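A.B. asks:
Numbering (this note's numbering), first residue to last: 6 to 154.
#1: Residue ranges of each alpha helix (DSSP H) run of no fewer than 4 residues wholly in the stretch 37-122, ordered along the chain?
#2: Using the DSSP secondary-structure output, state which residues sit across from residue 131 in a beta bridge.
#3: Using a 10 Å radius around the Cβ and a threshold of 16 neighbouring Cβ atoms, would you call residue 141 buried or exposed?
#4: Grab me the residues of residue 61's own chain with a C-beta within less than 6 angstroms of its C-beta, minus the 5 sequence neighbours each way, in chain order.
#5: Residue 127 to residue 116, Cα distance in whole Å?
#6: Count the CB pairs spanning the stretch 84-103 and the stretch 38-51 that are closer than 8 angstroms, and state whether there are at least three.
#7: Could you work out which residue in 52, 72, 78 is closest to residue 150 when comparing CA atoms only?
#8: Measure the alpha-carbon distance for residue 31 versus residue 139 and round it to whole angstroms.
#9: Exposed or buried, which one is residue 66 when buried takes at least 16 other CB atoms within 10 Å?
#10: May I ask you to list the residues that DSSP assigns as paired with residue 136?
#11: In whole angstroms, what is the alpha-carbon distance linking residue 57 and residue 154?
#12: Looking at residue 86 and residue 76, is the spacing between their C-beta atoms short of 8 angstroms?
What follows is the structure, encoded as structure tokens:
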């Protein structure tokens, strides 16, 4: 399988971030961090199968403009390039595991090229809720809010 330069850089960055994030975390926190990173990669280079596998059928995916999508709409929006993340960085991430659930908060900064809108940027705070199903962490809810000064 031949990787594009962009894919190669994303894979390398993902590996470095996974190693950094897993330091001084519990196993569950490290596993959630890996799932969050997998989702970040999928948001930049989406595949239908990957997006469906990392998210619950019951997904509630809230955008900073107030729009909420279910899993099928979330997947279609990314696959159709309605939402097109060119780059994405997650900072100030916190992870709190509570039983079989995890609460993740971070700041998402991205360059976008959403359909019909041309180049743009995103700078939002995000809350994600993950649930451990079997041995996998699955995204069940996400809500973004605009950062106000």
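Yeah, the Cβ is synthetic: ideal placement off N, Cα and C, and Gly gets one too. Since this is a predicted model, take the numbers as computed values, not measurements.
C.D. replies: The structure says:
#1: 53-59, 76-84
#2: 111, 149
#3: exposed
#4: 143, 145
#5: 6 angstroms
#6: yes
#7: 72
#8: 18 angstroms
#9: buried
#10: 106, 143
#11: 35 angstroms
#12: no
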